[in-house]
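Using my numbering, the first residue of the sequence shown is number 128, and each one after it goes up by one.
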Amino acid sequence: MSPRAGNTGTPHTLAFVESPVQLLNVLEWAHAQGPHPPEEPGAGFTLVVLSPTDPMTRGQLRRMAELAREEGHEVRWEEARGGATAPFRTVGALAGLLRRAERVVMGDPFSRYVQLLLTITRARSLVVVDDGTATMEFVAQLARGERLVRWHRKGGRPAPRDLLFAPVSARARRRLSPAGNRTVEVFSAMPVEERPEGVTVTAHTFAWTRERFGPPHLIDGADLVGTSLVETGVVDGERYLEAVRTLAKAHGVHRYFAHRRESADKLHRLAVETGLEVVRPELPLELIARRGPVGRTVLSFPSTVVHTLPLALAGTGVRIVVCDIDPGWLTDHASPRAEGFLAGVTTTARDVHRLAAVTPA
Numbered sequence: 128m129s130p131r132a133g134n135t136g137t138p139h140t141l142a143f144v145e146s147p148v149q150l151l152n153v154l155e156w157a158h159a160q161g162p163h164p165p166e167e168p169g170a171g172f173t174l175v176v177l178s179p180t181d182p183m184t185r186g187q188l189r190r191m192a193e194l195a196r197e198e199g200h201e202v203r204w205e206e207a208r209g210g211a212t213a214p215f216r217t218v219g220a221l222a223g224l225l226r227r228a229e230r231v232v233m234g235d236p237f238s239r240y241v242q243l244l245l246t247i248t249r250a251r252s253l254v255v256v257d258d259g260t261a262t263m264e265f266v267a268q269l270a271r272g273e274r275l276v277r278w279h280r281k282g283g284r285p286a287p288r289d290l291l292f293a294p295v296s297a298r299a300r301r302r303l304s305p306a307g308n309r310t311v312e313v314f315s316a317m318p319v320e321e322r323p324e325g326v327t328v329t330a331h332t333f334a335w336t337r338e339r340f341g342p343p344h345l346i347d348g349a350d351l352v353g354t355s356l357v358e359t360g361v362v363d364g365e366r367y368l369e370a371v372r373t374l375a376k377a378h379g380v381h382r383y384f385a386h387r388r389e390s391a392d393k394l395h396r397l398a399v400e401t402g403l404e405v406v407r408p409e410l411p412l413e414l415i416a417r418r419g420p421v422g423r424t425v426l427s428f429p430s431t432v433v434h435t436l437p438l439a440l441a442g443t444g445v446r447i448v449v450c451d452i453d454p455g456w457l458t459d460h461a462s463p464r465a466e467g468f469l470a471g472v473t474t475t476a477r478d479v480h481r482l483a484a485v486t487p488a
């Protein structure tokens with residue numbers, strides 16, 4: 128897919144995404160704003176993809192970009208990580224658009240890229256759309272006035288590049304706090320328990336997904352949703368494989384939907400040792416499940432989908448089951464925050480069935 132330039136005039140809204148889920152949630156946010164006149168395709172909406180290098184993520188982003196264009200939005204694809212000079216080229220190319228934008232929508236306020244771009248924009252309206260469970264931590268940190276740190280890294284010593292970037296991050300955090308005539312909105316399907324003063328929180332209900340896809344055909348048996356907790360160093364790989372094997376046997380699981388960040392070696396071993404069909408989705412799981420076919424039961428470890436799938440699959444009869452993470456599965460390198468955060472993801476989920484951490488037979 129060749130890059131496609133955005134509007135040459137003043138964009139009313141400029142959105143930045145770095146993952147397929149972020150792009151989906153920008154489309155959901157745009158849908159929630161109501162229809163724009165048919166004679167105004169995109170209505171000044173320019174969606175900028177800050178492309179990562181991971182092939183799986185890039186493939187999903189390309190498919191999501193196609194859906195965005197079908198919805199009438201302008202898409203601009205930036206090879207934001209294509210070599211040492213790519214960040215300078217990307218920021219330079221976007222600076223003019225950023226300065227003219229009236230509203231900026233972002234999917235990951237923890238991203239260094241996004242934080243850097245926030246220091247350039249003069250937009251008076253800032254919107255943060257869901258980036259999974261990270262949104263819960265972002266809102267809580269903003270409410271407490273803390274520095275922005277991803278939950279699985281919290282508690283560790285800052286790396287040298289973190290210290291170098293700290294002034295930019297601090298400025299971005301201030302930009303994300305309402306002040307004067309600057310408004311900040313969080314568009315989220317996640318539970319928001321600590322609401323920052325002055326920040327508007329809008330419910331994300333997956334209305335666009337439900338209107339655009341499905342309802343799905345249901346098949347007997349269960350599907351299991353994979354997680355990248357092993358790849359992020361939170362959960363021990365051997366314990367995870369044993370948990371998957373036990374869950375599959377106990378619940379009649381046939382398919383394993385891989386997270387886009389799961390390693391090929393881990394997935395190969397999982398398929399060989401469990402006999403599960405490993406599926407690498409071409410779209411975010413909410414869309415895959417809504418299109419179907421999907422199992423009558425979907426099992427997951429604590430993750431974003433225990434909050435989003437009940438919304439995307441509302442009224443279909445699919446049963447969402449979440450399996451707790453046993454503290455004994457955590458690695459020695461896991462953040463001290465990990466156990467409490469993962470437990471919170473589960474306990475705050477709505478319309479799901481809870482399953483205690485599995486014990487190998």
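All residues carry an ideal CB built from backbone N, CA and C; glycine is no exception.
Could you spell out the range, first to last residue, of the alpha helix (DSSP H) harbouring residue i?
i    : result
I415 : L412 to R418
H381 : It is not in any alpha helix (DSSP H) - H381 instead sits in the beta strand (DSSP E) that spans V380 to F384.
V432 : V432 to A439
E466 : A465 to T474
F215 : A213 to R227
T424 : Note, T424: premise wrong, no alpha helix (DSSP H); beta strand (DSSP E) at V421 to S427.
A391 : A391 to T401
E155 : P147 to A159
With DSSP collapsed to three states, give me the class of residue i.
i    : result
H480 : strand
R298 : helix
M191 : helix
D363 : coil
D258 : strand
V176 : strand
G341 : coil
M233 : strand
R239 : helix
F265 : helix
R251 : coil
A461 : coil
G442 : coil
T327 : strand
Report the CB separation of residue i from residue j in whole angstroms; it is logged as a contact under 8 Å.
i    : j    : result
L368 : L397 : 6 Å
E221 : L269 : One detail in the question is off: residue 221 reads as Leu in this sequence, not Glu. Not really, about 24 Å apart at Cβ, beyond 8 Å.
A157 : V176 : So it is not a contact: roughly 15 Å between Cβ atoms.
V448 : T424 : 6 Å
P437 : V479 : 6 Å
R208 : P182 : Rounded, the Cβ-Cβ distance is 13 Å, inconsistent with contact.
S296 : R274 : 6 Å
R417 : R477 : So it is not a contact: roughly 18 Å between Cβ atoms.
Counting along the chain, where does the beta strand (DSSP E) carrying residue i start and finish?
i    : result
F143 : T140 to V144
E201 : E201 to E205
F314 : T310 to S315
R446 : R446 to C450
E404 : E404 to V406
For residue i and residue j, what's the separation of their Cα atoms in angstroms?
i    : j    : result
G282 : L345 : Any reading at G282 needs caution, since the residue's pLDDT is 49, under 50, leaving its predicted position unreliable; the model's value is listed next. Using only the alpha carbons, I get a separation of about 43 Å.
R372 : G161 : 45 Å
L469 : T173 : 35 Å
M263 : G402 : 35 Å
N308 : A299 : 17 Å
T140 : A349 : 41 Å
E229 : L412 : 32 Å
T540 : L244 : Past the edges of the chain, shown from 128 to 488, lies residue 540, and the structure says nothing about it.
M233 : A142 : 6 Å
E201 : Q149 : 16 Å
G169 : A195 : Model confidence at G169 stands at a pLDDT of 46, short of 50, so the residue's coordinates are unreliable; what they give is reported in the following sentence. Going by the C-alpha atoms only, they are around 9 Å apart.
S427 : V445 : 13 Å
V362 : R226 : 42 Å
R203 : A439 : 27 Å
Assign residue i to buried or exposed, taking buried as 16 or more other Cβ atoms, counted over all protein chains shown, within 10 Å of its Cβ.
i    : result
F333 : buried
T354 : buried
R382 : buried
S146 : buried
D235 : buried
S390 : exposed
Hey, does residue i have any beta-carbon neighbour from chain C nearer than 8 Å?
i    : result
S146 : Looking for chain C here will not work: only one protein chain is present.
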